[in-house]
Structure formats: C-alpha cells, structure tokens
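J.: Using full-length UniProt numbering, you'd call the opening residue of the sequence shown number 1 and step up by one each time. All residues carry an ideal CB built from backbone N, CA and C; glycine is no exception.
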Amino acid sequence: MNTRLMPRTEFLVYNKISLSPSDREMLSDIYMPLIGPVSLSIYNYLIDLKQDMTVRFHSEFMDILNIELSTFTKELEKLEAIDLVKTYVNDDVHTDQFLYELKSPLDAESFFNDPMLSMFLFAKIGSKKFNEKKSAWIYHPFPEGFSDVSRNFKEVFSTLRMNEFEKPTETFIGNAQSEGSRIDVTEFDFDMLYTHLRGTYVEKGFFNTEVQRTIVKLSQVFNLSLYQMKDVIIKSTDRNEGIDLELLKHYALREYNATEGKAKPRVQLETLNTHENSTDYFEQLDGISPLNRIQHLRNNHASQNDMRIVTELIMTTKLSDGVINVLLEYVLQKGQYLNDNYVFSIARDWEKKGFLTAKEASESVLSFLGENSKAKKNYPNNRFKVSHKTIEPKWFSDKKTTDTKDENKNDEKTIPELKDDSIAARIQQFRNNR
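1. Just reading off the alpha helix (DSSP H) that Lys16 is part of, what are its end residues?
2. Helix, strand or coil: how does DSSP classify Asp340 here?
3. Between which two residues does the beta strand (DSSP E) harbouring Lys103 extend?
4. Assuming Leu34 contacts Leu99 under a Cβ cut-off of 8 Å, what Cβ separation, rounded to an integer in Å, is found between them?
5. Residues in the same chain with beta-carbon distance under 8 Å from Asp306, minus the five sequence neighbours each way, listed in chain order, please.
6. How many Å lie between Trp137 and Glu109 at the Cα?
7. To the nearest angstrom, how far is the alpha carbon of His296 from that of Tyr342?
8. So, using beta-carbon positions, are Tyr201 and Thr259 closer together than 9 Å?
9. Consult DSSP for Ile82 and reduce its assignment to one of helix, strand or coil.
10. Please report the distance separating the alpha-carbon of Leu226 from that of Ile17.
11. Would you tell me roughly how many angstroms separate the C-alpha atoms of Leu247 and Ile234, rounded to the nearest one?
12. Note down the Cα distance separating Gln333 from Asp340, rounded to an integer number of angstroms.
13. Can you find the residues in the same chain that come closer than 7 Å, C-beta to C-beta, to Ala263, ignoring five residues on each side of it along the sequence?
14. Between which two residues does the alpha helix (DSSP H) carrying Ile294 extend?
15. Tell me the DSSP secondary structure of Gln97 in three-state form.
16. For the alpha helix (DSSP H) that contains Gly205, what are its first and last residues?
17. Keeping to the same chain, check which residues put their C-beta closer than 7 Å to that of Glu203; ignore five residues upstream and five downstream.
18. Under the rule that 16 or more other beta-carbon atoms within 10 Å means buried, what is Gly205, buried or exposed?
19. Under the criterion of a Cβ to heavy atom distance below 8 Å, does Asp114 qualify as lining the ligand SAH?
20. Rounded to whole angstroms, what's the CA-CA distance from Asp23 to Gly322? Just pull it up for me.
21. In this structure, does DSSP put Pro416 in helix, strand or coil?
22. Which same chain residues end up closer than 8 Å to Arg56 when comparing Cβ atoms and leaving out the 5 residues on each side of it in sequence?
23. Mapping the DSSP letters down to three states, classify Gly242 as helix, strand or coil.
24. For Ile47 versus Phe111, is the C-beta spacing smaller than 9 Å?
25. On the CB-based measure, 16 or more other CB atoms within 10 Å of its CB, does Tyr139 come out buried or exposed?
26. Could you pull the start and end residues of the alpha helix (DSSP H) that Glu187 belongs to?
27. Using the beta-carbon count (16 or more within 10 Å), is Asp189 buried or exposed?
28. For Ser127 and Leu245, I'd like the C-alpha separation in whole angstroms.
29. From Glu187 to Val38, what distance separates their C-alpha atoms?
30. With DSSP as the reference, label Arg348 as helix, strand or coil.
31. Between the Cα of residue 437 and those of Ile67, Ala123, Gly242, spot the shortest distance and give me the residue it belongs to.
32. If the criterion is Cβ atoms closer than 9 Å, does the pair Glu77 and Gly36 meet it?
33. I'd like to confirm the pairing. Which residues does DSSP put opposite Arg56 in its beta bridges?
34. Name the DSSP beta bridge partners of Thr237, please?
35. Over the uninterrupted alpha helix (DSSP H) stretch that includes Asn300, give me the two end residues.
36. With a CB to CB cut of under 8 Å and the five nearest residues on each side skipped, what residues in its chain are close to Leu418?
Given below as structure tokens:
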C-alpha cells in the first residue's frame with residue numbers, strides 16, 4: 001500500500017466473485033480471528049460495492065466505516081497478506097489511482113490443508129479452539145459399500161450440432177478453483193516406518209489416507225529422511241487422538257529449520273557465461289535447485305524466511321526449478337527482502353502463463369516491460385489502464401546495454417554448482433506425484 005494515500009485518492013474495485021453463504025461463514029468463523037473485525041469490515045464493504053468499475057474516493061472509508069486512512073492502510077495490508085485483496089497502482093505517474101481486486105476465501109478443506117494459513121490460525125487461537133473450529137467444518141466420510149451407477153452426459157442427452165457454436169472468451173462472474181496436490185503414497189516406505197515405530201505409542205491404525213499423503217508431501221518438500229519423519233510423527237501423536245496433522249506440519253518445519261541451521265560446507269560457486277547471446281546461463285538455471293540458488297544469491301546466508309518462501313514455491317506451485325530461480329533473481333532486484341504477497345502474485349501469474357524454462361520466463365518479462373513502456377506513452381488515450389507496478393530488475397536492464405558492458409559484468413556473475421542431487425531428485429519426485 002502506498003503512503004501517498006489521501007482522501008481524494010481515486011480507487012476502482014474489480015470484483016468478479018459472488019460469495020456463497022459458506023464463503024461468508026468461512027470469513028466470520030475462520031478468517032476473522034486472523035485479520036480482525038476492521039479488516040473484515042473493509043473486505044465486506046468492498047464486496048458489497050457494485051461491479052461496475054466506478055471511480056471512487058478513499059474518503060468513503062473515512063465516512064462510511066469511520067476509520068482513518070492510516071488505519072485503512074494497516075488493515076488492508078492484512079487482506080493483501082492473506083490473499084483476499086490484491087492491490088494495483090495506476091502506471092501513469094500523473095494519475096493517483098488504485099485498483100482493488102477481490103478474491104474469495106478458501107473453502108474449509110483448502111484452508112486447513114494450507115500449511116501457512118492453518119499453522120497461523122493454530123498459533124493465533126491455540127490448540128483447543130483450533131480443533132473446535134476444524135471439527136465444525138468436518139463432514140463424515142463417504143459410506144463404504146456403494147458403487148457409482150450414475151449415467152454420463154452422452155447416455156442421457158442426444159448429440160448436439162456444434163458447428164455454429166463458439167466457445168465464449170468473456171470473463172464471467174465466479175470463483176477461481178485451485179488445484180490440489182497429487183501424491184503417490186507408494187513412493188514412501190511405510191512398512192519400514194511401521195517397523196521403526198514398534199514399541200512406541202504410535203499405532204498403525206493412526207495412518208489413514210490423509211495422514212499418509214501429508215507425511216509423503218512433507219518428507220519430499222522438506223527433504224526429511226524416514227528416520228527424521230519417525231521423530232516428527234512421534235512428537236505429533238496423541239495416544240488417544242492419533243496423529244495431529246497441524247502438529248505434523250509444525251514439527252516437520254522445525255526439523256527442516258534445524259537441519260538448515262547446522263554448520264555445513266559453503267555452497268561451491270562456478271563462473272557462468274551470462275552474455276545475452278548465450279543460452280548457457282538459462283540452461284544452468286534450469287538445472288539448479290532453488291534451495292541452492294537462494295543460498296548463492298544470499299552469499300550462503302539465506303534467512304529462514306528465504307528458505308520458507310522457496311520451499312512454499314516448490315511445494316504449492318507447478319513452476320520448474322529454472323522458472324523459480326528467475327523469479328528469485330527478478331524479485332531480489334527490488335530489495336533485500338522476499339515479500340510473500342509480491343513473490344506469490346508473480347508465481348501465480350507465471351504459473352497461469354505456463355512457463356517451463358528459465359529462458360521463457362525471462363523473455364516474457366522483457367516483453368512485458370517493453371509493452372508497458374509503450375503503454376505509458378499512449379496512456380492519455382487509455383486512462384483506466386491498470387497493471388502491476390513493476391520495477392525492472394538490474395539483470396534485465398543490463399541486457400539493454402552494449403555488448404562490451406555485458407561482457408565486463410559477466411565475469412562477476414556466478415551460480416552455485418549442485419554437488420548433491422538428492423534435493424533436486426526429491427523436489428522432482430514431489431512434482432511428478434502432484
């Protein structure tokens with residue numbers, strides 16, 4: 001959010017969602033403990049505005065909600081951080097205008113399966129309240145002993161003539177559906193795990209399908225061995241209640257952070273040719289683990305926040321290693337801190353565009369920056385054009401200089417050499433199983 005916000009600062013609302021009663025119940029029951037009543041009132045006010053892109057002024061929030069703009073800014077940041085609102089700024093430097101895109105809340109299953117949100121709620125309200133809220137959203141499992149005998153479309157309806165039908169291209173009102181992770185539990189040796197758990201209070205009956213999927217996912221993403229997972233499982237198990245999935249995530253993350261914090265050899269570096277006419281740089285980015293790349297970019301001093309964000313990118317997106325590495329380099333040009341909201345907004349956009357390699361991602365950014373520059377020149381004819389406010393990274397700007405300057409800078413750029421294939425192999429295994 002920009003500090004130049006004034007009562008007469010314009011804003012637009014981009015709202016193509018339609019909240020269901022279940023969405024509103026999720027907001028009041030699950031989201032409000034995280035963001036508070038003021039943030040929720042701002043969200044509800046924006047939701048109730050017309051879907052007509054009318055130009056409005058921020059003085060509305062002062063008059064209708066009786067809050068100062070400083071309070072509005074602080075509370076809006078919570079909505080941005082939890083991905084209920086995305087904020088855009090008008091690219092025209094002479095137009096002081098914002099656009100707020102509204103997002104619908106996650107459903108209960110998606111929320112409680114999200115490591116960051118569920119663990120944040122757990123820390124916020126405590127174990128007892130957390131379990132009470134989660135239990136209220138749990139529906140009993142589908143009964144066994146039934147076979148699906150439903151008819152399909154072609155069995156019921158006659159064949160239609162489609163030669164004159166054109167698939168619509170407009171944007172419709174509705175909620176974007178996220179894709180869940182696909183996990184193959186056979187990739188993990190549960191028989192060996194059960195053997196090592198003999199003599200403990202962890203019973204084999206505790207390992208239902210959901211627990212098994214979570215164990216496989218955590219072991220792959222955090223690069224935890226079977227023996228490490230055994231300790232994590234024991235700490236997360238109650239003799240009467242079984243394995244607590246939230247504690248499982250919590251202790252898995254702690255084990256990962258403890259492993260990362262141990263003293264270990266510094267990442268070995270090698271010099272790369274990063275000349276603009278060379279594909280060697282991007283090819284090697286495609287082959288480097290993002291966990292290693294962030295260590296190099298941070299001079300072997302990546303913070304826990306850095307490692308957490310990189311892990312989340314691997315765990316929750318379908319971006320390849322090369323694309324994630326380009327994203328990290330791109331974002332770090334803006335500052336020394338990886339911001340969750342900014343990083344994942346770019347990641348979601350790149351995921352939709354289907355980038356497969358580092359070169360595709362970098363070329364698309366260069367193309368976007370070129371088109372954006374032209375758009376600014378033609379802006380008077382398109383006043384309401386609004387897009388991401390993007391600062392061009394230094395390593396993209398360097399490509400616009402002369403070849404001589406490029407070559408002088410190439411010698412200073414390095415990339416980590418991946419000596420251990422275990423991390424990359426586990427990441428690829430996780431991606432293949434989704």
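T.: Per the coordinate set shown:
1. No alpha helix (DSSP H) contains Lys16, which DSSP labels as neither H nor E.
2. helix
3. Here Lys103 belongs to no beta strand (DSSP E), and DSSP marks it neither H nor E.
4. 24 Å between Cβ atoms; not a contact.
5. Ile294, Arg298, Leu338
6. 8 Å
7. 21 Å
8. no
9. coil
10. 43 Å
11. 10 Å
12. 15 Å
13. Summary for Ala263: the model assigns pLDDT 38, below 50, so the residue's position carries little reliability; its value from the coordinates is reported in the next sentence. Nothing meets the Cβ criterion.
14. 290–297
15. strand
16. Segment: none, Gly205 is in no alpha helix (DSSP H) and carries neither H nor E.
17. none
18. exposed
19. With respect to small molecules bound, the structure shown includes none, and the ligand SAH cannot be examined in it.
20. 36 Å
21. Since pLDDT at Pro416 reaches only 41, below the 50 mark, its modelled position is unreliable, and no value is offered.
22. Glu10, Phe11, Leu12, Val13, Leu49
23. strand
24. no
25. exposed
26. Per DSSP, Glu187 belongs to no alpha helix (DSSP H) and is neither H nor E.
27. exposed
28. 12 Å
29. 46 Å
30. helix
31. Outside the displayed range of the chain (1 to 434) lies residue 437, so it cannot be described from this structure.
32. no
33. Phe11
34. Ile243
35. First-last for Asn300: undefined, no H or E at that position.
36. Residue confidence is low: Leu418 scores 41 on pLDDT, short of 50, so the model does not pin down where it sits. Its coordinate-derived value is still stated next. Only Gly287, Ile288, Ser289, Asn292, Ala424 meet the Cβ criterion.
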